[in-house]
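Number of protein chains: 2
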Amino acid sequence: MSDRLAAQIAFLSEADQLKSVMRASRLHDNSRYENSAEHSWHVMLYAFVLAEQAGPDVRIDRVLKMLLLHDIVEIDAGDNPIHGTVDAAAQEAKEQIAADRLFGLLPQDQAKAFRDIWDEFEAAETPDAVFAKSIDRVQPPISNMANGGGSWLEYGVTIDQLSQRVGTPVQRGAPRLWQWLFPKLEAFFSKMPSK
Amino acid sequence: MSDRLAAQIAFLSEADQLKSVMRASRLHDNSRYENSAEHSWHVMLYAFVLAEQAGPDVRIDRVLKMLLLHDIVEIDAGDNPIHGTVDAAAQEAKEQIAADRLFGLLPQDQAKAFRDIWDEFEAAETPDAVFAKSIDRVQPPISNMANGGGSWLEYGVTIDQLSQRVGTPVQRGAPRLWQWLFPKLEAFFSKMPSK
Ligand SMILES: [Ca+2]
Numbered sequence: 001m002s003d004r005l006a007a008q009i010a011f012l013s014e015a016d017q018l019k020s021v022m023r024a025s026r027l028h029d030n031s032r033y034e035n036s037a038e039h040s041w042h043v044m045l046y047a048f049v050l051a052e053q054a055g056p057d058v059r060i061d062r063v064l065k066m067l068l069l070h071d072i073v074e075i076d077a078g079d080n081p082i083h084g085t086v087d088a089a090a091q092e093a094k095e096q097i098a099a100d101r102l103f104g105l106l107p108q109d110q111a112k113a114f115r116d117i118w119d120e121f122e123a124a125e126t127p128d129a130v131f132a133k134s135i136d137r138v139q140p141p142i143s144n145m146a147n148g149g150g151s152w153l154e155y156g157v158t159i160d161q162l163s164q165r166v167g168t169p170v171q172r173g174a175p176r177l178w179q180w181l182f183p184k185l186e187a188f189f190s191k192m193p194s195k
Numbered sequence: 001m002s003d004r005l006a007a008q009i010a011f012l013s014e015a016d017q018l019k020s021v022m023r024a025s026r027l028h029d030n031s032r033y034e035n036s037a038e039h040s041w042h043v044m045l046y047a048f049v050l051a052e053q054a055g056p057d058v059r060i061d062r063v064l065k066m067l068l069l070h071d072i073v074e075i076d077a078g079d080n081p082i083h084g085t086v087d088a089a090a091q092e093a094k095e096q097i098a099a100d101r102l103f104g105l106l107p108q109d110q111a112k113a114f115r116d117i118w119d120e121f122e123a124a125e126t127p128d129a130v131f132a133k134s135i136d137r138v139q140p141p142i143s144n145m146a147n148g149g150g151s152w153l154e155y156g157v158t159i160d161q162l163s164q165r166v167g168t169p170v171q172r173g174a175p176r177l178w179q180w181l182f183p184k185l186e187a188f189f190s191k192m193p194s195k
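Heads up: the sequence lines are chains S and Z, in that order.
Going by UniProt numbering, the first residue of the first sequence is number 1, and it counts up by one from there.
Going by UniProt numbering, the first residue of the second sequence is number 1, and it counts up by one from there.
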């Protein structure tokens with residue numbers, strides 16, 4: 001048991017670094033960029049509050065676990081801003097290596113279980129993963145509207161790009177949520193200042 | 001539905017402020033204080049990884065939800081450092097008012113459900129709450145050992161105070177974990193520099 005606990009605490013200690021991975025999105029009060037650990041907490045809260053937006057096959061307890069783990073690879077691979085210009089294949093390769101190393105710190109049974117959850121999230125095929133992805137995508141636009149434009153201004157994003165990059169996954173996992181949100185986004189973009 | 005979603009998003013937006021509530025504990029790399037949102041994510045990860053430390057009656061899915069919500073009252077009431085000298089009764093009164101206001105932003109059914117989860121955590125009586133509390137208490141000592149002493153140095157904490165304030169709840173919810181951790185804490189305190 002002692003070795004097992006040592007491995008678990010080593011993983012949990014390494015995970016502390018997610019608090020220092022900075023994202024492209026900013027806090028609602030615009031005081032600073034958001035980090036990936038607090039983002040992970042916030043999207044879990046979104047998923048729990050908005051669980052009724054999910055289809056009947058979605059098990060919210062599994063969605064929370066997916067979102068708990070979904071960004072841990074960023075400790076090694078960094079955040080990949082959705083409106084940025086990162087090479088997707090290169091980033092995916094980096095994330096695979098990161099997942100090997102980071103989940104590999106855990107005892108073997110947990111390493112496999114955690115990796116399976118993360119792989120399922122990344123594949124975005126099961127109902128749980130589709131909903132988790134939609135929730136992960138819907139939080140930054142709400143922050144951006146609160147703080148005056150945030151990453152949209154920084155990356156020069158148009159409403160059409162937003163519809164494609166965010167609307168597509170959100171509609172897939174939480175269609176009523178997108179239907180409610182889209183008119184608000186349109187209104188915001190129609191009067192958004194340029195940088 | 002539209003009003004319901006508006007209330008839910010208002011709550012989720014207000015919750016963003018938990019990212020700006022600073023705790024007494026510091027990151028493992030000692031670069032800055034930890035905030036209560038990223039702490040909440042980290043203790044959920046602790047609970048998930050260390051679930052096998054819980055007693056047979058503990059339902060880890062409920063523990064995760066408790067830890068997701070457990071610090072939201074701090075948006076209004078502030079963090080209450082375990083080694084600090086806050087008036088416990090006054091702090092509890094502030095937290096009750098905070099819970100009324102913050103959970104009250106949600107639709108009524110969710111306001112009640114979330115408040116019930118938080119009340120259960122605070123009461124620390126059910127097996128789920130006892131385990132959640134033990135996990136919430138065990139994370140800061142591990143950070144403090146990583147960063148050279150952290151809040152122990154700042155508050156002049158002794159190993160006896162630590163045993164009482166942290167050991168008691170951790171032993172209650174996760175006794176084997178405390179058995180494993182305590183000798184490490186003793187060794188650390190025996191050579192900890194003073195401030
Ligand atoms: Ca991400």
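The beta carbon of each residue, even a glycine, is placed where N, CA and C say it ideally should be.
All figures in this text were calculated on a predicted structure; none of them were measured in a lab.
Just grab the DSSP bridge partners of Asn-35 (chain S) for me. S:Met-22
Is the beta carbon of Ser-36 (chain Z) sitting closer than 8 Å to the one on Asp-71 (chain Z)? yes
What three-state label does DSSP hand Thr-158 (chain S) in the structure shown? coil
Given a cut-off of 8 Å, decide if Asp-116 (chain Z) and Val-58 (chain Z) are closer than it, judged by their beta-carbon atoms. no
Whether Gly-173 (chain S) touches Val-130 (chain S) by CB criterion (8 Å): yes
Of all the beta strand (DSSP E) runs that stay within the bounds of the UniProt domain "HD/PDEase" (32–114) of chain S, which reach a length of 3 or more residues? 33–35
I'd like the list of long-range same chain contacts for Leu-18 (chain Z), defined as Cβ closer than 8 Å, with 5 residues on each side in sequence excluded. Asn-35, Ser-36, Ala-37, Ser-40, Asp-71, Ile-72, Glu-74 and Ile-75
According to the Cβ coordinates, are Ala-132 (chain Z) and Leu-185 (chain Z) closer than 8 Å? no
Collapsed DSSP secondary structure at Gly-167 (chain S) in the structure displayed: helix
Roughly how far, in whole angstroms, is the beta-carbon of Ala-47 (chain S) from the beta-carbon of Ile-135 (chain S), given that I think they are within contact range, below 8 Å? 5 Å
Assuming the contact rule is C-beta atoms closer than 8 Å, Leu-50 (chain Z) and Gln-8 (chain S) should be a hit. Round their C-beta distance to whole Å, please. 6 Å
Is Phe-11 (chain S) closer than 8 Å to Leu-106 (chain S) when the C-beta atoms are compared? yes
Helix, strand or coil for Asp-29 (chain Z) per DSSP? coil
Could you name the residues of the same chain whose beta carbon sits closer than 6 Å to that of Lys-94 (chain Z), not counting the 5 residues immediately before and after it, in chain order? Ala-77
N-terminal and C-terminal residue of the alpha helix (DSSP H) that Ala-187 (chain S) is part of: 175–190
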